[in-house]
Structure formats: C-alpha cells, structure tokens
Amino acid sequence: MDTNLEKVALKSEVEKHLAESNASYFAINVSSANQLVIDYLKDELASDNVRVDAFEQCGTLPSYFGEIRDQFSSFQDVEIMLVSHDLGWPLIELSHLRMDAIKGLDDHAAIYASENTLLHGKPFYDEDVL
Numbered sequence: 695m696d697t698n699l700e701k702v703a704l705k706s707e708v709e710k711h712l713a714e715s716n717a718s719y720f721a722i723n724v725s726s727a728n729q730l731v732i733d734y735l736k737d738e739l740a741s742d743n744v745r746v747d748a749f750e751q752c753g754t755l756p757s758y759f760g761e762i763r764d765q766f767s768s769f770q771d772v773e774i775m776l777v778s779h780d781l782g783w784p785l786i787e788l789s790h791l792r793m794d795a796i797k798g799l800d801d802h803a804a805i806y807a808s809e810n811t812l813l814h815g816k817p818f819y820d821e822d823v824l
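Structure (structure tokens):
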C-alpha cells in the first residue's frame with residue numbers, strides 16, 4: 695500500500711467530517727500499523743480545537759474517552775473519534791458528547807448515551823482511487 699495515498703486518504707476523510715460537525719472540540723485516536731501515517735495525521739490535523747493521539751490500548755470509544763475525559767471539563771460539545779484503515783478502507787467511529795448531559799455517567803454509559811456514528815470512507819488503492 696502506498697503510504698502517501700494512505701496518509702492523504704485518511705486525512706481527507708477526517709477533514710470532511712470535521713467540516714460537517716458542530717462540535718467545539720475534537721479528540722482523534724489514530725490506529726495504524728504505519729507510524730508514518732500516524733505522524734502525518736498528528737502534524738496535519740492537530741490544532742487548538744483538535745487533539746490527535748495514537749493510544750494503542752484505546753481500541754474502543756469508551757476506553758479512549760476514559761483516557762482523556764478529564765481534559766474536557768471546559769467544553770460543552772466534544773466529538774471523539776477512532777480513526778483506522780484496513781485494506782484500503784478508512785473507518786471512523788465517532789461519538790458526539792454533550793458534556794453536561796453525561797457528567798455523572800461512567801465511560802461506557804456516557805458513550806452509549808451519546809450520538810454515535812460509524813463512517814466508512816472512500817476506498818483507496820495503490821493504482822486507483824475509487
């Protein structure tokens with residue numbers, strides 16, 4: 695798989711969603727076997743309202759939220775994402791959290807009480823972008 699194609703395809707899918715969302719803060723956990731892809735996404739996507747991580751131990755939305763939850767106390771609308779790709783298919787799992795509504799809930803209950811979506815991105819391949 696062409697690394698540059700992987701990097702750009704994943705970045706494009708995430709940016710498309712960021713532009714469509716009304717969240718005030720985003721936290722993205724990238725899962726990839728390719729460290730170059732992870733580093734590229736961190737460099738390209740991180741900003742004042744977007745944080746990009748690569749926590750291997752956080753493979754689910756509740757586990758990722760549990761890892762970073764304390765850092766969101768000043769935000770109202772937060773969106774957390776798990777970004778991965780397999781065999782040319784970008785995949786984004788996301789949860790839009792209204793922090794005041796989930797204040798007293800544990801990590802699992804907070805995710806299940808929020809708006810959750812699974813996005814399959816546009817497939818990409820070495821010689822062809824469909």
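Here the sequence shown stands for residues 695 to 824, numbered as in my numbering. Positions of the beta carbon are idealized from the N, C-alpha and C atoms, including for glycine. Source: prediction; values computed, not measured.
What residue range does the alpha helix (DSSP H) around residue i cover?
i, result
"Phe-769", "Careful: Phe-769 lies outside any alpha helix (DSSP H) and carries neither H nor E."
"Ala-804", "801-806"
"Thr-697", "697-714"
"Glu-738", "729-739"
"Ser-757", "755-762"
Given a threshold of 16 other Cβ atoms within 10 Å of its Cβ, counted over all protein chains shown, does residue i qualify as buried or as exposed?
i, result
"Glu-707", "buried"
"Ala-727", "exposed"
"Gln-770", "exposed"
"Ala-804", "buried"
"His-779", "buried"
"Asp-696", "exposed"
"Tyr-719", "buried"
"Leu-799", "exposed"
"Glu-773", "buried"
"Gly-753", "exposed"
"Leu-730", "exposed"
Thinking C-beta only, is residue j closer than 7 Å to residue i?
i, j, result
"Val-724", "Ile-732", "yes"
"Lys-684", "Tyr-734", "The first residue shown for the chain is 695 and the last is 824, placing residue 684 beyond what the model contains."
"His-790", "Ser-808", "yes"
"Pro-784", "Ala-717", "no"
"Ile-762", "Ala-721", "yes"
Which residue comes first and which comes last in the beta strand (DSSP E) that contains residue i?
i, result
"Asp-747", "744-747"
"Ala-721", "719-725"
"Ile-786", "783-792"
"Glu-750", "Premise fails: Glu-750 is in no beta strand (DSSP E) and is neither H nor E."
Whole-angstrom Cβ separation of residue i and residue j, contact assumed at under 8 Å?
i, j, result
"Asp-794", "Phe-759", "With a Cβ gap of about 15 Å, Asp-794 and Phe-759 do not count as contacting."
"Leu-788", "Thr-811", "5 Å"
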